[in-house]
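From first to last, the protein sequence lines are chains A and B. Here the first sequence is numbered in this note's numbering, starting from 1 and rising by one per residue. Here the second sequence is numbered in this note's numbering, starting from 1001 and rising by one per residue. Worksheet for the structure shown next.
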Amino acid sequence: MSMLEAEQLSLGYDGPAIVDQLNLVVTAGSMTVLVGPNGCGKSTLLRGLARILKPRSGAVYLDGKIIQKLPTREVALRLGFLPQSPLAPEGMTVRDLIAQGRFPHQRWFQQWTVEDERITTQVLEMTDLTDLAGRQLDTLSGGQRQRAWIAMALAQNTDILLLDEPTTYLDLAHQLEVLQLLQRLNKQEGRTIVMVLHDLNLAARYADTIVALCAGKVVAAGKPWSVMTPEMLRQVFGVEAAIVKDPVNGAPICIPHGLVGAALSQESALEQVVYAGR
Amino acid sequence: MRDGWLILRSQRLPLSLRLDRRAPLTIVTLLALSLLVFIVSIGHGEYPISAVDVVSTFLGLGSGNDDYRLVIFEFRLPRVLLALMVGAALAVAGTIVQGVTRNPLAAPEIIGVSSGAGLAAVSLIVLVPGSSVMLVPPAALVGATLAFALIYGLAWRGGDSPLRLILIGIGLASVTSALTTLVVTFADFYRAGQALLWLTGSVYGRSWEHVRALTLWLALLLPAALLLAPQLNVLSLGDEIARGLGSRVTAPRLLVLLVGVGLAAAAVASAGPIGFVGLMAPHLARRLVGPAHEGLLPVAAAIGALLVASADLVGRSLFAPIEVPCGVVTAIIGAPYFLYLLARTRMRASGGET
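So, in structure tokens, the structure goes:
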């Protein structure tokens, strides 16, 4: 059964549609990564899937029901969303932030149940933040802060997690740290994860399904080896690239070596160099 | 998990609450300080009454001095009570506006309350000769509400946005204050003085009638603000996060803003636009108990009460028998504080990322 599905989905802000009559099926328990060039509609699509953005036409279905017709809170109990580089109020501690993830589970007079406390403690351990619980977010490193935000989304305790570039601005070690955490959640707890990543090689390593977007449409979707092809890279990113196999885990790795439009001029430049050498 | 929070949970009823651990002690300390200022303030004046006599008069064990009772209950008590209440209302309104706009430099002025109330009050004082002083508060209330409605309406573009609210709020504030200045220039000497005094913000000569009106507002709106604390927490994380967490965002934000407008408008209506309290109190409170609104709101309220009551006391004592309106005192403290915040925010913004 598919849990999240977009059907003929069109999304946009003031101008023309950013996501254009797009169809997408996110299977339950999968790790799906959206890739594509800047401005292709990855983040917009994620916002649409998270019910942050109202569709212009078409619909998003959550467990077969039109998500727009479900109450906001009910959606928040099943689907968590983390936007790109969120900002917390000054002075907020890790513990305070994570506790906010319990918001959809709370009632006016029921602000902090035993269950709220249990899950928060569990999430702190899971994200290795227990020792940092009392620290203010602005005193943490970028990687720790990102982990705290993911922890907040985890405290929401939803089956589906949508994350917009959870590794932006992080160095390599912190990127791996975040992705390994998400992989663990996906494999061990069976949570469905949909995220936007810029790094194609990391996407190929961690995704079950890669969805390549271009100009608001899905160009290719499927297993990393079937999507990460020189043709896709040419068509979607406008790059000439070679695909090799990662010697450690067998995932495809892309090695870009030139721009599609510039390919000719590059060749002629090479010729000139060769001539000059004669 | 428990350290850092104070958790209150009922075994039988579905009741639970989470507060910053520092909140209760902070509130008690602030209330004790306020009580101190209260007693000193009540005793202070042209007819000084010692602290002991103030307390014993309140407890009804007085030496039977009827003068004390008259001075305390008829003249000084309403004024001091009003100062405390106005401070609390402005502080809570400021906390709300800062939380909703996610801008630590925002203040109730931004949602048009002070300028709207100012224009209405000054117009009444200047343009309607012979109007009763008691008509000023309702006029100010109407002006504040209209100004907020105008700002909110202009900021609406198929949806609300805190940023547009701030920008339009600032724009409208300068228009209304220009109009206010224009109205003042039409006034004769006496009325212009009266109008300017009102615009400074003061609790001078306030009576039980003012106190009763404000009490009603506070009794309604302060509990409402506390009940909305969880929504405020979520809204202060930004629209997308708030929506993702299951807040409807637009409706709760309007509701919270209306509570803030009501509080600020009621305060301004009874004491004029006392500046900087709505800016400073939430800041100091955040330093003391962190940004979670369950603790922040009451602490800010206590700080605001203490601030305005102290400012009034200082204003009355500094150049006695001349009274400096408490709005001047809060501005003298508040303006440098604002500059300090501005400098600090800019430093954070330029060197923030690690």
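Each residue gets a CB set at the ideal place from its N, CA and C atoms; glycine is no exception.
query: Counting only beta-carbon atoms, is residue 1016/B nearer than 8 angstroms to chain A?
result: yes
- prompt: What residues of chain A sit near residue 1290/B, judged by a beta carbon separation below 8 angstroms?
  reply: 91, 92, 93, 96
- request: With 8 angstroms as the threshold, decide whether the Cβ of residue 193/A is near any Cβ in chain B.
  value: no
query: With 16 other CB atoms within 10 Å as the buried threshold, where does residue 223/A fall?
result: exposed
message: If we define contact as Cβ-Cβ less than 8 angstroms, is residue 52/A a contact residue for chain B?
response: Yes, because at least one Cβ of chain B sits closer than 8 angstroms to the Cβ of residue 52/A.
task: Evaluate contact between the segment 1190–1208 of chain B and the segment 1261–1278 of chain B, counting only Cβ atoms and requiring at least three cross-stretch pairs below 8 angstroms.
output: Under the 8 angstroms Cβ criterion, the segment 1190–1208 of chain B counts as touching the segment 1261–1278 of chain B, having at least three qualifying pairs.
task: Enumerate, from N- to C-terminal direction, the unbroken alpha helix (DSSP H) stretches of 4 or more residues contained entirely within the segment 33–103 of chain A.
output: You should have 42–49, 72–78, 94–100.
task: Taking residue 105/A as part of the alpha helix (DSSP H), name the residues at either end of that continuous run.
output: From DSSP, residue 105/A is part of no alpha helix (DSSP H); its letter is neither H nor E.
field: Alpha-carbon to alpha-carbon, residue 139/A and residue 169/A
entry: 16 angstroms
message: Less than 8 angstroms between the beta carbons of residue 194/A and residue 9/A, yes or no?
response: no
- prompt: Does the beta-carbon of residue 1044/B have 16 or more other beta-carbons within 10 angstroms, so that it is buried, or is it exposed?
  reply: buried
- request: Count the other CB atoms, across all protein chains shown, that sit within 10 Å of the CB of residue 42/A; report buried if there are 16 or more and exposed otherwise.
  value: buried
- request: Say whether chain A places a C-beta atom closer than 8 angstroms to the C-beta of residue 1103/B.
  value: no
query: Can residue 1086/B and residue 1120/B be called in contact, C-beta distance under 8 angstroms?
result: Not in contact: residue 1086/B and residue 1120/B (Cβ atoms no closer than 8 angstroms).
query: Got a sec: is the Cβ-Cβ distance from residue 55/A to anything in chain B below 8 angstroms?
result: no
message: So the candidates are 1332/B, 1226/B, 1221/B, 1244/B; which of them puts its Cα closest to the Cα of residue 109/A?
response: 1226/B
message: When you compare the CB of residue 99/A with every CB in chain B, is at least one pair closer than 8 angstroms?
response: yes
- request: Enumerate in chain order the residues of its own chain whose CB-to-CB distance from residue 1107/B is below 7 angstroms, with the five nearest sequence positions on each side excluded.
  value: Cβ within range, chain order: 1094, 1097, 1278, 1279.
query: Is there a Cβ from chain A that is less than 8 angstroms from the Cβ of residue 1354/B?
result: Because the pLDDT at residue 1354/B is just 33, under 50, the model does not fix this residue reliably, and the value given afterwards should be weighed accordingly. True, the Cβ-Cβ gap to chain A drops below 8 angstroms.
message: Since residue 1304/B and residue 1090/B should fall inside the 8 angstroms C-beta cutoff, what is the C-beta to C-beta distance between them, to a whole number of angstroms?
response: 6 angstroms
- request: Answer with buried or exposed for residue 1183/B, where buried requires no fewer than 16 other C-beta atoms within 10 angstroms of its C-beta.
  value: buried
task: Please name the residue in 1019/B, 1260/B, 1276/B whose C-alpha comes closest to that of residue 1004/B.
output: Nearest C-alpha to residue 1004/B: 1019/B.
- request: Assuming residue 49/A contacts residue 4/A (C-beta within less than 8 angstroms), just tell me the rounded distance between them.
  value: So it is a contact: roughly 6 angstroms between Cβ atoms.
message: Could you give the first and the last residue of the continuous alpha helix (DSSP H) run that contains residue 1026/B?
response: 1023–1043
field: Span of the alpha helix (DSSP H), counted from its first residue to its last, around residue 158/A
entry: No alpha helix (DSSP H) holds residue 158/A; DSSP gives it neither H nor E.
- prompt: Excluding five sequence neighbours on each side, which residues of the same chain lie with their C-beta closer than 8 angstroms to the C-beta of residue 146/A?
  reply: 166, 167, 170, 174, 178
task: Quickly, what does DSSP pair residue 1005/B with across the bridge? List them, please.
output: 1020/B
- prompt: Since residue 1004/B meets chain A, which of its residues come closer than 9 angstroms, beta carbon to beta carbon?
  reply: Those within 9 angstroms of residue 1004/B in chain A are 93, 95, 96, 133, 134.
query: If we ignore side chains and look at the alpha-carbon of each, how far apart do residue 160/A and residue 1145/B end up?
result: 43 angstroms
task: Would you give the residue range spanned by the beta strand (DSSP E) that residue 195/A belongs to?
output: 192–196
- prompt: Of the choices 39/A, 11/A, 258/A, whose alpha-carbon is the least far from that of residue 51/A?
  reply: 11/A
query: So is residue 186/A buried or exposed if we call it buried at 16+ other beta carbons inside 10 Å?
result: buried
message: Does residue 1271/B come out as helix, strand or coil in the three-state DSSP assignment?
response: helix
query: Quick one: is residue 1/A buried, meaning 16 or more other Cβ sit within 10 Å of its Cβ, or exposed?
result: Caution is warranted here: a pLDDT of 42 is assigned to residue 1/A, below 50, making its placement in the model unreliable, and no coordinate value can be reported.
message: Under 8 angstroms, CB to CB, which of the residues in the segment 1225–1237 of chain B have a partner in chain A?
response: Per Cβ criterion, the list reads 1227, 1230, 1233, 1234, 1236, 1237.
task: Could you pull the start and end residues of the beta strand (DSSP E) that residue 258/A belongs to?
output: 252–259
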